[in-house]
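Per our numbering, residue 3 is the first one in the sequence shown, and the count goes up by one each step. From the three backbone atoms N, C-alpha and C, an ideal C-beta is built for every residue, glycine too. For clarity, every value in this text was computed on a predicted model and none was experimentally measured. For reference, the structure discussed in these notes is given below.
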Amino acid sequence: MPLLPMYSFEIMQKQLIALHEELEALKGKILSEEDLKKMNEHLEKINKEIRNARF
């Protein structure tokens, strides 16, 4: 049984996608390529943890 209802996971994933899109929009403006890469890696790690927490 998941710790959180399924809709909570969907909301979290939508927020992560929105954050990723905002970071992409900042690319080259404020963030360096390395900063953006680290943030994207962190977002992917969180996304995997969310998917794994479902089961």
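The beta carbon of Q15 sits closer than 7 Å to the beta carbons of N49 and I52 from its chain, once the five residues preceding and following it are set aside; these are given in chain order. The three-state reading of DSSP puts K31 in coil, since its state is none of H, G, I, E or B.
For the set I32, N54, L25 and S10, the Cα lying nearest the Cα of N42 is the one of L25. Distance between L18 and A27, taken at the CA atoms: about 14 Å.
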